Every structure is written in structure tokens, then in C-alpha cells.
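The opening residue of the sequence shown carries number 31 in the working numbering; numbering runs sequentially from there.
We put the beta carbon where it would ideally sit given N, CA and C, even for glycine.
For clarity, every value in this text was computed on a predicted model and none was experimentally measured.
Encoded as C-alpha cells, the structure appears first; notes follow it.
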Amino acid sequence: MITEALLWLLLLFSVAALLVLLYWTLHGLACWLPRIWQGLQKQPLRLQVVSRQDVSDDLFLLQLKAAGWRRYTGSLPAFRPGQYLTLLLPAAQQAQLKRAYSLAAWQARPFSYQLGIKREPGGRGSGWLHAEVQPGVRLLAQRPQGHFVLRHAEQPVVLLAGGIGITPLRAMLHRLQRLTRPPRTLLCYGARNQRSLLYWQEFELLTKTTDWFEFYPLLSQPDACWHGLTGRLSASQVLAWLGEDAQQAHYYCCASNAMMDEIFQGLTAAGIPGERLHREAFAVAANLDQQPYPVSVQGHTYEFSGQSSLLHALEAWNLPVEGDCRAGDCGLCAMRLQQGQVRWLLPDVAAKVPPQQILCCCTVPASPIALAFCSGSPGGNG
31 MITEALLWLL LLFSVAALLV LLYWTLHGLA CWLPRIWQGL QKQPLRLQVV SRQDVSDDLF
91 LLQLKAAGWR RYTGSLPAFR PGQYLTLLLP AAQQAQLKRA YSLAAWQARP FSYQLGIKRE
151 PGGRGSGWLH AEVQPGVRLL AQRPQGHFVL RHAEQPVVLL AGGIGITPLR AMLHRLQRLT
211 RPPRTLLCYG ARNQRSLLYW QEFELLTKTT DWFEFYPLLS QPDACWHGLT GRLSASQVLA
271 WLGEDAQQAH YYCCASNAMM DEIFQGLTAA GIPGERLHRE AFAVAANLDQ QPYPVSVQGH
331 TYEFSGQSSL LHALEAWNLP VEGDCRAGDC GLCAMRLQQG QVRWLLPDVA AKVPPQQILC
391 CCTVPASPIA LAFCSGSPGG NG
């Protein structure tokens, strides 16, 4: 009788111990799994180039698939149409170069990423990609990000593209195609010549096979065989094509700053509310002022000589400054302006920055300047 009671007590004790062990195991997993997942989210994506298409001397298209452990599942992190991918590129005198490129195609569950890239004169990132990247090459990238995304898809949509700015708008168009009832959509696309008019055959086909999509390409330097629209895209043209839908539409523009400013000023003058105008600040226009200016950073003086932004100059001088978005989004390239004046390449970003600070990706010197790293930045003391 005593032996049987002891056995029951041992059994109950063992069950209780197992339950306690199970509880603490599950509790530990609940605490640590989110941290492990967050750590994985911060790890760079490992990608492999599947194909490359050279459209012209300075335009090329890349298709990337998953490498590393993701190649066993095939799928890549999802993204919203309009977002960009930041590539982490090797550099001779730096650990990495970071260059952001809009994702040019959209799928709800992507098994590849598509990029359209223009080689910029003197551009270290686009120059390296143009010279070195072929099928089979592996690249590192951050997860897709960006705030220039498609919204309000239940109302008329106007996509305004200039040159390589077509890439995020094409991704938006792919999303619209998958809606049960796509809204009326206009794609107004300005390019230099027909070779620079990316994906035009795809857009022409969509025009012929749907009743909700309209395509208006314009060439500023047309070839002799071009019989379409010529010149620069203007707000008056867009409003004429839209007709009575102009006030209800949402406008998404990705082009040079000059083109975006000109079109949006025209739309604003026509009474289009500012909340319906969406612009991609991703591609900061090149600095047109070739005047050299001395730039003092923490007691050392350098010469700014026409680089596309202060961030590009600081990287060329091998100074410890970061920048993921290059569009005034992430704030990593913020520095304190101690003396002098800068010109903002993206004026709407300036209002969001604290006094006496600048974002190097969006500014160029307008006079001799003195800069200091902000506390907590790679070159700061915080």
C-alpha cells in the first residue's frame, strides 16, 4: 500500500516537473524567438544575378534571385510597389558603398527582384555595377524600403515618369493590373530617345488589351523613325488627357527634380490639392553648380568640386558617414552645419530637419561651409 502511494507521488511529481519545464521552455521561446527574428531581419539579403540586359550604353536591367539559405525556399521579402532596394557594394577604400535602386516589377510573393539602373557619369556605385555585374555574381542588399508607394488605388491614377524614373511606376502598374477593377490609369513617360524608353512594348500591349490604361510616351530627342509625341512633358498636357478626372486623380511622379517641380507647380496652379501629388525623392538631381567650395569637417578641409551631393563628396573623401535611402528618408547622413550656406536639392525635405542640421544626401554647398558630425553618427562622439 505504501509502495503504491509512493509510486503515485513520484508520478505526480514527474508530471508537475515536466509541466514546469514545458512552461519555461515555451516562455523562453516566446521571449527569444522575436529577438532572433529581428536579428534575421537585419541581416543583409544574399542575392544572385540571374540575367542582365544592356538597353543602351548607360542603361541596363538586372534580375536577382535569392542566394544563401533563402535559395531553398526561393521566395524573397515582399515589398510595396514603389519601394527600393539598397545594394551593399564593395569599394576599394571603404567597407561598402550603399546605392538604392527602385524595384521595377511587383509580385505579391516575389521570387526575384528586377532593377533598372542608369550609369551616372563619375558614379562609383552605378559604374561598378555596370562594369562588374554579370549573371552569376552575388550581391548583398538591405530589405526593400521606402515611402513612395501606391495608395488610393480606387481613384484615377496618373503615373508621371522621366527616364529611369519609370522603374517604381512600373511596379505600381503591376499592382494595379492585379486588382479586380483597376481604376483609370495614365502613364505619361518622357525619355530622351526610343532606346531610353524602357518597357514601352509592354505598355503598348497593355493599352491594346485593356480599357482602363492609357500610355503617353514623349521623346525630347526623337529618332527619325519616331512618329509619336515629342518635347517635354507638361502639366497642361496631363490635364488635357485626364479631362474631368483631373481633380479626382492621384499623381505619382518619379523624374528629375526639375521635371517634378515644373509639373507639380502646373498641377497646383490648376487647383490640384497637394495631398494628391506624390513624388519620389529617391533620385536626387545632379548638382549643376560646378563652383568649387572648401568644406571643413572636424578641422580638416576638403574641396567640393561639383559632386552630385555632399554625401557623395564625403564618401569620396573616405569620411565615416552613412546613408541608406539617399532621398532624405532615413536621416543617417545628418550633420551639423556650423558655418556657411547649402542648397537643398529637395526643398520639401528641409522643413523636416532640425535647425542647424542638414542631410548630406539632399544638399550641396552654396558657399564655403564647415560641418560637424551629429552625436551618435559614425563620426560623432555619441
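{"Item": "Residues sharing a beta bridge with S132, DSSP", "Value": "Y114"}
{"Item": "For L190, the three-state DSSP class (helix, strand or coil)", "Value": "strand"}
{"Item": "Other residues of its chain near L269: CB distance less than 7 Å, five sequence neighbours each side excluded", "Value": "A276, A300"}
{"Item": "8 Å Cβ cutoff met for A134 and Q144", "Value": "yes"}
{"Item": "Identified DSSP bridge partners for T210", "Value": "Per DSSP, none; premise fails for T210."}
{"Item": "Environment of Q328 [buried if 16+ CB atoms lie within 10 Å]", "Value": "exposed"}
{"Item": "For I147, the three-state DSSP class (helix, strand or coil)", "Value": "strand"}
{"Item": "Unbroken alpha helix (DSSP H) run spanning F294, endpoints", "Value": "287-299"}
{"Item": "Through-space distance from V351 to W230, alpha-carbon basis", "Value": "39 Å"}
{"Item": "Residue nearest to Q267 in terms of C-alpha spacing, selected from T237, R168, L344, E292", "Value": "E292"}
{"Item": "Cβ-based neighbour list, P395, same chain, cut-off 8 Å, excluding 5 preceding and 5 following", "Value": "Y323, V325, F334, L340, G370, Q371, V372, R373"}
{"Item": "Cβ pair Y246, L227 closer than 8 Å", "Value": "no"}
{"Item": "Within 8 Å, strictly: CB atoms of L194 and Y219", "Value": "It is worth fixing the name first, because residue 194 is Ile in this sequence and not Leu. No, Cβ-Cβ distance for I194 and Y219 is not below 8 Å."}
{"Item": "Rounded straight-line distance, which links the Cα of S397 to that of E105", "Value": "The question names Glu, but residue 105 is Ser in the sequence shown. One C-alpha to the other measures close to 49 Å."}
{"Item": "Neighbourhood of L42 by C-beta, 6 Å cutoff - its chain only, sequence neighbours within 5 removed", "Value": "none"}
{"Item": "Coarse secondary structure for D84, derived from DSSP in three states", "Value": "strand"}
{"Item": "Cβ pair Y281, L190 closer than 8 Å", "Value": "yes"}
{"Item": "Collapsed DSSP secondary structure at H257 in the structure displayed", "Value": "coil"}
{"Item": "Endpoints, the beta strand (DSSP E) within which W374 is located", "Value": "372-374"}
{"Item": "Coil, strand or helix - Q68 by DSSP", "Value": "Low confidence applies to Q68: its pLDDT is 49, below 50, so where it sits in the model is not reliable, and the reading given next is rough at best. It is helical."}
{"Item": "Rounded C-alpha distance that separates V314 from G358", "Value": "In this prediction, V314 has a pLDDT of 45, which is less than 50 and means its spatial position is unreliable; what the coordinates show is noted afterwards. Computed Cα separation, rounded: 9 Å."}
{"Item": "Separation of P212 from Q386, as counted between CA atoms", "Value": "46 Å"}
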